[in-house]
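Same order as they appear, the protein sequences are chains F and Z.
For the record, in the first sequence the residue sitting at position 463 is 463 according to the numbering used here, with numbers rising by one throughout.
Count along the second sequence from 1, add 466, and you get the number used in the numbering used here.
Here is the structure we will look at.
There are 2 protein chains.
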Amino acid sequence: MLTYDLNKRGSIPLYDYLYQCIKQDIIQGKLQAGERLPSKRTLARHLSVGVITVANAYAQLLTEGYVEAKEKKGYFVRSIGDYRVKKELPLPQLQEPEEKEFFVDFKANRISLQNFPIATWNRLMREMLSLQNEALLKTVPYNGLYELRKAIADYLATNRAMAVQPSQIIIGAGTEYLYGRMMQMFGRETTFAIEDPGYKRLGAISASFGNPWKYIPIDNSGMEVEALEASGAQIVHLSPANHFPTGIVMPIKRRLELFAWVNRKAGRYIIEDDYDSEFRYTGRFIPPLYAQDTRNKVIYMNTFSKSLVPSLRISYMVLPPQLLQRYEETMSFYSCTVSSFEQYTLASFIAKGYFERHVNRMKKYYREQRALILQALKQSPLSRISHIKERNAGTHFLLKVDTVLSEAEVKQAALAADMSIACFSDYSSQPADRSGCTLVINYAGIARDKLAQVMTRLAAIFPECN
Amino acid sequence: MLTYDLNKRGSIPLYDYLYQCIKQDIIQGKLQAGERLPSKRTLARHLSVGVITVANAYAQLLTEGYVEAKEKKGYFVRSIGDYRVKKELPLPQLQEPEEKEFFVDFKANRISLQNFPIATWNRLMREMLSLQNEALLKTVPYNGLYELRKAIADYLATNRAMAVQPSQIIIGAGTEYLYGRMMQMFGRETTFAIEDPGYKRLGAISASFGNPWKYIPIDNSGMEVEALEASGAQIVHLSPANHFPTGIVMPIKRRLELFAWVNRKAGRYIIEDDYDSEFRYTGRFIPPLYAQDTRNKVIYMNTFSKSLVPSLRISYMVLPPQLLQRYEETMSFYSCTVSSFEQYTLASFIAKGYFERHVNRMKKYYREQRALILQALKQSPLSRISHIKERNAGTHFLLKVDTVLSEAEVKQAALAADMSIACFSDYSSQPADRSGCTLVINYAGIARDKLAQVMTRLAAIFPECN
């Protein structure tokens, strides 16, 4: 008869402990295949527990296939094969990588959360939770909530002169995610072109999706269209309003050349990544290619991670009408990747004008921040050996430094001084220029009271400043 | 001299209107390439506006490349090429698809939001917003917030007897998303195997990633391991705790056969999708393959969309230690797809025990719901011609109906009676059985006061019940 010391069970339920004991006996061969278990009543009496306890233990053993029930005959141990319990490859103790906090991180594009209207956001979220109770039960459509797509379409009409209908918009968790969907929709025979220098990560994404891709050089007007034509690419990704990292605005002449390219052959499209277009410090917005295009060949992408708060992962793209059916047929089986809580909250945040106000406030904040860092730079010895390449936009600038140090040496020296910094060549397929180096200075998140100190420390790594 | 009626500008800024007027003149050829614009001062006097207004308009034209500035000579119109303004392909008026509301939707796996602890969630979110102010500035690591990974690891240890370290966990926006990362990490030469019947969508995802994939038949114990071996697949996706849609629990014997398969050749792995394992109405949890595996060959996946609320898009996977480096090297350039707001909130929701309480509450709710629908079924004439295939788990059951109608005819008749329903063959690669039909009844979201009515209406579509 099965005999177990049920007092050893600790805090786990009686039936659970009994199930585990019998299971162990089966695994270790103490109970052999074909053997009959005692009847529930007999075992219950033997162990001084209720019949229900034994019944529950047997039921669990039955569910997991350790025993079988034969009608009117009782429970029998099943043949299970070779059960190894001991881990042959025990888990190694893994280290969580420690996050390094630098004195200053010129790479981090942190925006200031102090400027994020948390109270408003939270109030809208509470409103949403009480108003949208029924709606939150529903499955979000693959392309995102109508309310958010409508709010974005209206915003683009007012702020970008773009004629967009909500059903053209696809919501996704990041532009990378949406870029992936484009690669899959156009297929692995389609070659993508990306800017060089530019977002190298797009090359990695293309490679991971198995799409051929080409770097296309840029000149002072942005991507060189002749090189694009020669590349054989069908789809080109670019940021005409604010090229990264140079800040180049693509002039109208080059834009028209690009349209000539896209219209020359069927199946060509432009992906316009307008990610950083909100933050221009002078003048009006740069018209998107989407608005200038006459043949619906532009796929427009943008994100709220940059303009609102990086903690949110909400991006969108606007598809030309002739691609909508293709997208639905090939990609709509993917569920929408953004939580509907945040979609409803953002929809209301945009529709009620808070987003526009937030962007204006951030523009003002970044304009001040930019003025302060430029002033700190001017007052540092670094100003004697450097000049700024900047276009009054975005939250970074390029700083060309005349130094004997190579870019690799500058990065190393910066690290030694507890600063993290990227150089121009990090975003280029070409090796760094031998003569001097160009730094990429992201200034959005640098604490204002540290700006002078930051510039002093940065200057100190250059022998020319000492 | 340029002359425009500035009173026509409506509400747009003066400089903006002036810029648009001059731009139109350049586009339409009224101002020709090489032509010199009047000096700012001259034009300002002529139009009775400030010099700043003209300067801003000229600056915008300069930025967009319509004019160029020659030092000490002024602004000149640039040659831009052929600018078409009129849309050659005007946007068609697109219809937003109307969302059909059925009398009852047996397909929709809606969970009851009335049971979601909105007040607690909202309080935790407020706490998070005030406590994590600094942390929210930071970029979320590619694998997700440490706090959430830690909370999940602890939960799995307590509730699934799984030894997991936080650094083994990857957070993503949905299991589909994580499944895609697995396809990319293992590469396009790797064949994936999926259950038949099962989640057909995984086939579509595999195809869109270009990975070969095979359907593997199941028997009463779940996936047939001989067929799996014969398929040549390296990675198999399955739900051993609750196969969809049959609810089969894979017995220990089949599990050991599966381990024998995975250990037979290097490079083989099991993806265990435990998505529906929280909702068992009798006994304890089914041990995950992950916990039974002795050679770290199981990738464990689960989601909070099912167990918490579908509006959240948060899933995770647990990678075996030997895959971590490979994942980091090949996939860590992808940013985390889940908002850090929701990651912090969920982390705190789990760590403070609310998640466990919520699951228990939902288990009770679904158990009652299940009892009520089974009772309603018993009282309907449908009970005479049908029997239930169900395993005391999940939020759906199969209903085998002895009827002259084919599955296609049943679905059609249901639609005509304003009901949406899926049949077994919808999840299978095989055509529906000629004899009778098997319905998939998702009952989680059906209003309780409608249950009797629902069953009456469902019975009415079968001639055998009339």
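Quick reminder that beta carbons are idealized off the backbone N, C-alpha and C, glycines included.
Listed along chain Z, no residue sits closer than 8 Å to Asn466(F) by beta-carbon distance, the nearest being about 33 Å off. Looking from the CA of Pro245(F), the closest CA among Leu415(F), Thr139(F) and Lys107(F) belongs to Lys107(F). Of the residues Leu372(F), Ser39(F), Ser79(F) and Leu156(F), the one whose Cα lies closest to the Cα of Gln168(F) is Leu156(F). In this structure, the beta-carbon distance from Leu372(F) to Arg448(F) falls below 8 Å. Pairing Phe116(F) with Val606(Z), the inter-Cα distance amounts to about 17 Å.
In this structure, the CA atom of Glu195(F) is about 22 Å from the CA atom of Ser305(F). Shown here for Glu342(F): not one same chain residue has a beta carbon closer than 6 Å to its own, the five before and five after excluded. Under the 8 Å Cβ criterion, the segment 217-231 of chain F counts as touching the segment 249-266 of chain F, having at least three qualifying pairs. In the structure shown, the three-state DSSP call for Val691(Z) is helix.
Using a CB distance cut-off of 8 Å, Phe799(Z) counts as an interface residue toward chain F. Per DSSP, Met767(Z) lies in no alpha helix (DSSP H) segment; the continuous beta strand (DSSP E) that holds it begins and ends at Val764 to Thr769. Pro310(F) belongs to the set of residues whose beta carbon lies under 8 Å from a beta carbon in chain Z. Put simply, the CB of Tyr893(Z) is far from chain F, with every gap to its CB atoms at 8 Å or more.
Listed by position along chain F, the residues whose Cβ is nearer than 9 Å to that of Glu723(Z) are Gly81. Excluding its 5 nearest sequence neighbours in each direction, Gly247(F) has C-beta neighbours in its own chain below 7 Å: Glu390, Arg391, Ala393 and Gly394, listed in chain order. Going by C-alpha positions, Lys877(Z) is about 21 Å away from Pro563(Z). Counting only the Cα atoms, Leu382(F) lies some 8 Å from Glu464(F). Within the same chain, Cβ atoms closer than 8 Å to the Cβ of Val804(Z) are found at Val606, Gly610, Ile637, Gly638, Ala639, Arg779 and Ile780, the five residues on either side in sequence being excluded.
Our two residues, Arg457(F) and Lys364(F), have alpha carbons roughly 27 Å apart in a direct line. Under the three-state reduction of DSSP, Ser231(F) is assigned to helix. Asp740(Z) is positioned such that its CB atom lies closer than 8 Å to that of Met767(Z). The contact set of Ile718(Z) on chain F, defined by CB atoms closer than 9 Å, consists of Lys23, Ile26, Ile27, Glu64, Gly65, Tyr66, Arg78, Ile80, Gly81 and Tyr83 in chain order. In the DSSP assignment, Val630(Z) forms no beta bridge with any residue.
Counting C-beta atoms within 10 angstroms of its own C-beta, Val401(F) has 16 or more neighbours from the protein chains shown and is therefore classed as buried. Taking 8 Å as the cut-off between beta carbons, the residues of the segment 186-220 of chain F near chain Z are Arg188, Arg201, Ala204, Ile205, Ser208, Phe209 and Gly210, in sequence order.
Using beta-carbon distances, Thr303(F) does not count as an interface residue toward chain Z, since no partner is under 8 Å. Here DSSP, grouped into helix, strand and coil, assigns Tyr532(Z) to coil. Per DSSP, the continuous alpha helix (DSSP H) segment holding Ser672(Z) begins and ends at Lys666 to Phe675.
Annotation for Tyr290(F): the continuous alpha helix (DSSP H) segment containing it runs Leu289 to Gln292. Secondary structure of Lys830(Z) (DSSP, three-state): helix. The residues Arg626, Ala627 and Met628, in chain order, have a CB closer than 7 Å to that of Ala757(Z) in the same chain once the five nearest residues on each side in sequence are set aside. Contact annotation, Ser386(F) with Leu399(F): C-beta distance approximately 5 Å; criterion of less than 8 Å satisfied.
In this structure Leu527(Z) touches Val533(Z) by the C-beta definition: roughly 5 Å separates them, less than 8 Å. Only exposed fits Asp884(Z), as fewer than 16 other CB atoms lie within 10 angstroms of its CB.
Between Ser348(F) and Leu124(F), the C-beta gap is smaller than 8 Å, which places the two residues in contact. Tyr215(F): member of the beta strand (DSSP E) spanning Trp213 to Asp219, first to last residue.
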